[in-house]
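Scroll down for the structure; my scribbles are underneath it.
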Amino acid sequence: MIKADLHIHTVYSDDSNASLERIIARCLEVGINCIAITDHNTIAGALEMKRIAPFQVIVGDEIHTSAGEIIGYFLAEEIPKGLAAEETARLIKEQGGLVGIPHPFDRLRRSTIHRQTLEELLPYIDIIEVLNSRLLLRRQSIMAERFAQAHGLLASAGSDAHRPGEIGSAYVEMPEFNDRDQFLSALAQGRVMGRGAALWAPLWSTWVKLERALKRR
9 MIKADLHIHT VYSDDSNASL ERIIARCLEV GINCIAITDH NTIAGALEMK RIAPFQVIVG
69 DEIHTSAGEI IGYFLAEEIP KGLAAEETAR LIKEQGGLVG IPHPFDRLRR STIHRQTLEE
129 LLPYIDIIEV LNSRLLLRRQ SIMAERFAQA HGLLASAGSD AHRPGEIGSA YVEMPEFNDR
189 DQFLSALAQG RVMGRGAALW APLWSTWVKL ERALKRR
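Take a look at the structure:
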């Protein structure tokens with residue numbers, strides 16, 4: 009069995025300063041041996057991490073659509089931000105990727121896809137993130153679990169780490185896999201594990217984003 013944290017940001021995201029090297033060190037420290045790098049609107053960090061990491065790396069992208077965020081897993085090419093949610097999902101599928109919905113039902117995030125759009129995307133969705141460590145309310149995870157079960161969708165978990173210390177706070181314990189299809193089978197057998205991150209974690213990301221913006225001026 010492996011421990012897979014399926015939602016991690018690196019310095020390639022504008023609200024994270026977690027270097028690839030520090031992420032690797034933290035994963036080795038806490039026993040995470042599979043990660044999905046899901047930077048905002050880029051796969052550059054994920055591709056580099058896949059090249060240097062001593063464990064399994066899934067190339068992902070948390071893509072900003074006109075309706076909110078969608079995660080593409082097993083991507084080979086970047087998808088432009090700002091497209092309609094359905095168009096984004098279609099482009100993920102066209103390159104053989106998997107469509108995941110991060111932090112559904114989290115009304116405290118403006119980037120969360122609303123319920124109506126979520127239901128419209130059902131023909132495309134493979135994965136629902138039922139545990140995100142940055143969720144503040146347990147009922148949001150319960151709603152996500154129920155939605156996934158009701159629609160026969162796979163459940164995932166991720167720390168949504170924007171700093172190394174958050175890595176491993178949520179993960180899936182699952183069988184080993186070698187490719188996309190095996191991943192789907194392994195995830196279906198997985199167990200979601202984890203806990204919440206510190207309440208101030210989102211504020212820290214906002215500070216990093218502001219600090220970077222000020223440096224560019």
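Quick note on our numbering: the sequence shown kicks off at 9 and runs consecutively. Even for Gly, the Cβ is constructed at its ideal location relative to N, Cα and C.
*asked:* Suppose you measure from the CA of leucine 55 to the CA of valine 67; what does that come to, to the nearest Å?
replied: 6 angstroms
*With respect to the beta strand (DSSP E) encompassing aspartate 189, which residues constitute its N-terminal and C-terminal limits?*
Counting along the chain, aspartate 189 falls outside any beta strand (DSSP E), though it belongs to the alpha helix (DSSP H) covering 188–196.
*Report back the beta-carbon spacing between phenylalanine 113 and alanine 152 to the nearest angstrom; my notes put them in contact at under 8 angstroms.*
6 angstroms
_Given this structure, state the Cα-to-Cα distance separating arginine 115 from phenylalanine 155, to the nearest angstrom._
16 angstroms
*Sub-8 angstroms separation of glycine 166 and leucine 14 beta-carbons*: yes
*Which of helix, strand or coil does DSSP assign to glutamate 181?*
strand
*Neighbourhood of alanine 75 by C-beta, 6 angstroms cutoff - its chain only, sequence neighbours within 5 removed*: Ala93, Ile121, Thr125
_Quick check: what's the CA-CA separation for leucine 129 versus alanine 97?_
8 angstroms
*Enumerate, from N- to C-terminal direction, the unbroken alpha helix (DSSP H) stretches of 4 or more residues contained entirely within the stretch 80–119.*
93–102
*Opposite arginine 199 in the DSSP bridges: which residues?*
Glu181
*Any idea which residues DSSP pairs histidine 122 with across the strands?*
Looking at the DSSP assignment, histidine 122 forms no beta bridge with any residue, so it has no partner.
_If you measure between the beta carbons of tyrosine 81 and alanine 44, is that distance less than 8 angstroms?_
yes
_Give me the residue from Leu162, Glu70, Arg30 with the minimum Cα distance to arginine 199._
Leu162
_With 16 other Cβ atoms within 10 Å as the buried cut-off, status of isoleucine 78_ = buried
*Is the distance from the Cβ of isoleucine 51 to the Cβ of aspartate 69 below 8 angstroms?*
yes
*Residue span of the beta strand (DSSP E) that contains isoleucine 135, given as start and end*: 135–140
*What whole-angstrom Cβ distance do alanine 84 and glutamine 64 have, given they're in contact under 8 angstroms?*
That belief does not hold up - the Cβ atoms of alanine 84 and glutamine 64 are roughly 17 angstroms apart, past 8 angstroms.
*serine 177 versus leucine 99: straight-line alpha-carbon distance, rounded*: 31 angstroms
*What do you get for alanine 33, buried or exposed, if any count of 16 or more other CB atoms within 10 angstroms of its CB means buried?*
exposed
*Beta carbon of isoleucine 10 nearer than 8 angstroms to that of methionine 182*: yes
*Assigned secondary structure, tryptophan 212 (DSSP; H/G/I helix, E/B strand, else coil)*: Interpretation of tryptophan 212 is limited by its pLDDT of 46, a score under 50 that renders its predicted location unreliable; the figure taken from the coordinates is listed afterwards. Tryptophan 212: helix per DSSP, three-state reduction.
*Length of the line joining the Cα atoms of isoleucine 136 and valine 38*: 24 angstroms
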